[in-house]
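In what follows, a single structure is set out as structure tokens and then discussed.
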Amino acid sequence: MQETRDTWQSNIGFLMAAIGSAIGLGNIWRFSYMAHEHGGGAFLVPYLTALLVAGIPIMLLEYGIGHRGKASSPLALARIDRRFEGLGWWMPVVAMFGIMLYYSVIIGWCANYLIYSFTLAWGENPEDFFFNHFLRLSESAAVWGGIRPPILLATALVWLACWLICFRDIRHGIEKAAKFFMPLLLILTAIMVAWTFTLEGASEGIFNHYLNPDWSKINFLSADPEARVAAGRVWAAAFGQIFFTLSLGFGIMITYASYLPAKANLARNAVITATANCSYSIFAGLAVFGIVGFMAHSQGVDFAEAIKGGPQLAFVVYPQAISILPDFNALFGVLFFLVLVIAGLTSGVSLIEAFSCALTDKFNWPRKRVVSLLCLLGLLGSLIFTTRAGLYLLDITDHFITSYGLVLGGLLQCLIVGWFIGPEKLRRHISRLGSRVPTAWNFFIRYLTPLALGILLLMALYGDLAVNYSGYATRHLLLYGLGWLLCCLAAAIILSRQPWRAVKLKRRHRPGEDELLV
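Heads up: take any position in the sequence shown, counting from 1, add 5, and you land on the numbering used here.
As structure tokens, then:
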């Protein structure tokens, strides 16, 4: 008996879900700080170059694999060759148990601060409130301390929300949620950007520090050797940001594309998804630089002194700026943290979906049971990040997962398609369905994109071997960073060793009909 697979109700629903997966917390705080550090408007040159060289090519690759295989990443790759199944498990395992465990806690922080915004609970010293009252940060990663009840409660609510969305089938769960949340996210962001432009000093932050280019930061042809090295790091950072922000290397886009109908314009969808994601990052940056410019102007300090990177931008800098707004402080705070919660949830459900779909494909378990079990296990796994050492632990884990886990997944995908399958076969499949993919894509997948990802891996490894990341003790980096990666690898190997039902591997895939079988 032929198995049926869920499909998206509409292409718009698919695009909303895919864009929602790509747009996350990093689009708001990570991109803006990177632009500040790496030449302002000049950073857009390597950023958009990376989009064309790595972002869109790999997204096309993942859409093609998922749509052709009509399956999650493990089954789609196993249908091509059983040797590739391990990679298919590596990606969703890293997504679920490498990222979602701590990502849910960060969304929980945003939910906490959404409530705090109504009364501006952080007071006159948001930095002290965040580290010493909210997190109650311990002395080091070695001292876990107790679980923080408000963080645990918010994290549990995040997992509950994800469960409610993923519990239902793809049409009535993720697609419906995406169709509601994504327009709301864009409207709220537009309101926030427009509001920011009314603030005194905001235009200085936007036009003098965001859009004003410092071309020396990206000139790797400079006569100065140190300037060339620094420029190389900027280009590497741009490629890294593109790769991380597009949800590549998670198995998510493979899974989402598998729900598309037989006739779907994959090339157009890939370009729209990637372009929309990057456009949102650039657009949201206006609000970030505007509010920091306002704060710097109000306090009479330099812009570089006012801005901070990572979570501090959201939980220290923004609350500080919100507190000194001339009017409607609480409303602006609610608006900002609601944007973060929505962006986090739309990404979070996709991390769960990639792994839950893989399990249902492999073991034929009911979707509702799988999602319920995963959300329960996810909540339990998140407990470690709700402790007083949670910030240290998630910082270390995030560094290793994003620097090595995701990039490795993308690199191996390129090598498999480029050197074992042959990119031309996949290119023809994608082109037959709609917009034609240029033959240059073959060169990108075989040579240019894996070269860029390989350089990213080597630079990350060189940096970690030269200096301990953020000054953490070596034992903590090995335990919470490398150790976490090894646990994900072990899980991927164990899952890939489990047998498939024969019908799973043969359905729709007869050797005489499928040119992707090797």
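Even glycine gets a Cβ: it sits at the ideal position worked out from N, Cα and C. Since the structure is predicted, the reported quantities are computational estimates derived from the model, not experimental observations.
Asked: Compute the distance between the beta-carbons of Val412 and Leu458, then report whether it is under 8 Å.; Found: yes
Asked: Counting only the same chain and skipping the five closest in sequence on each side, list residues whose C-beta sits under 7 Å from that of Leu340.; Found: Leu193, Ile196 and Met197
Asked: Taking the beta carbon of Trp94 as the centre, do at least 16 other beta carbons fall within 10 Å, making it buried, or is it exposed?; Found: buried
Asked: Which two residues bound the contiguous alpha helix (DSSP H) that contains Val148?; Found: Segment: none, Val148 is in no alpha helix (DSSP H) and carries neither H nor E.
Asked: Are the Cβ atoms of Gly531 and Ala348 separated by less than 8 Å?; Found: In the structure as shown, the chain begins at 6 and stops at 523. Residue 531 is therefore absent and cannot be evaluated.
Asked: Helix, strand or coil, according to DSSP, for Thr392 in the structure here?; Found: strand
Asked: Quick check on Lys313: buried or exposed, where buried means 16 or more other Cβ atoms within 10 Å of its Cβ?; Found: buried
Asked: Tell me the rounded alpha-carbon separation between Thr9 and Ala55.; Found: 38 Å
Asked: Three or more C-beta pairs under 8 Å: does that hold for the stretch 354–369 against the stretch 75–82?; Found: yes
Asked: In whole angstroms, what is the alpha-carbon distance linking Ile120 and Ala311?; Found: 25 Å
Asked: DSSP has Pro218 in a bridge; who is on the other side?; Found: Gly45
Asked: Within its chain, find whatever has a CB closer than 6 Å to the CB of Met464; leave out the 5 residues flanking it on each side and keep chain order.; Found: Ala241
Asked: Exposed or buried, which one is Ala497 when buried takes at least 16 other CB atoms within 10 Å?; Found: buried
Asked: Could you please give the first and the last residue of the uninterrupted alpha helix (DSSP H) stretch that includes Gly459?; Found: Thr454 to Ala471
Asked: In chain order, which continuous runs of the alpha helix (DSSP H) of length 4 or greater are located wholly inside the stretch 320–366?; Found: 323–328
Asked: Return helix, strand or coil for Thr444, following the three-state DSSP convention.; Found: coil
Asked: Starting from Met300, trace the alpha helix (DSSP H) in both directions and tell me its first and last residue.; Found: Leu271 to Gln304
Asked: Report the rounded CA-to-CA distance for Phe5 versus Leu157, giving the unit in angstroms.; Found: The structure shown has nothing for residue 5, since the chain only spans 6 to 523.
Asked: Does DSSP classify His138 as helix, strand or coil?; Found: helix
Asked: Answer with buried or exposed for Gly468, where buried requires no fewer than 16 other C-beta atoms within 10 angstroms of its C-beta.; Found: exposed
Asked: Whole angstroms are fine: how far does the CA of Pro316 sit from the CA of Ser284?; Found: 22 Å
Asked: Report the option in Met258, Ser475 and Ala182 whose CA atom is closest to the CA atom of His404.; Found: Ser475
Asked: Return the Cβ separation of Gly254 and Gly383 in integer angstroms, given the expectation that the two are a contact with Cβ distance under 8 Å.; Found: 20 Å between Cβ atoms; not a contact.
Asked: Between which residues of its own chain and Leu470 is the CB-CB distance below 8 Å, once the five residues before and five after are set aside?; Found: none
Asked: Under the rule that 16 or more other beta-carbon atoms within 10 Å means buried, what is Gly25, buried or exposed?; Found: buried
Asked: Figure out for me which residue from Lys181, Gly113, Ala147 and Cys171 has the closest Cα to the Cα of Ala161.; Found: Gly113
Asked: Mapping the DSSP letters down to three states, classify Ala241 as helix, strand or coil.; Found: helix
Asked: With DSSP collapsed to three states, give me the class of Ile499.; Found: helix
Asked: List the whole-angstrom C-beta distance separating Leu417 from Cys167, where the pair is believed to meet the contact cut-off of C-beta under 8 Å.; Found: With a Cβ gap of about 28 Å, Leu417 and Cys167 do not count as contacting.
Asked: Spatial neighbours of Ile329 within its chain, please: C-beta separation below 6 Å, excluding the five flanking residues on both sides.; Found: Ser303
Asked: With three or more beta-carbon pairs closer than 8 Å as the criterion, would you say the stretch 380–397 touches the stretch 132–142?; Found: yes
Asked: Rounded to whole angstroms, what is the Cα-Cα separation between Phe294 and Asn117?; Found: 24 Å
Asked: Relative to the alpha-carbon of Ala147, which residue among Tyr397, Ile499, Asn473 and Ser227 has its alpha-carbon at the smallest distance?; Found: Tyr397
Asked: Please determine if the stretch 244–263 and the stretch 355–362 are in contact, where contact requires at least 3 C-beta pairs separated by less than 8 Å.; Found: yes
Asked: Between which two residues does the alpha helix (DSSP H) containing Asn16 stretch?; Found: Asn16 to Ala27
Asked: Whose C-alpha, out of Lys222, Leu271, Leu378 and Ile406, is nearest the C-alpha of Ala4?; Found: The structure shown does not extend to residue 4, since the chain is modelled only from 6 to 523, so the question has no answer here.
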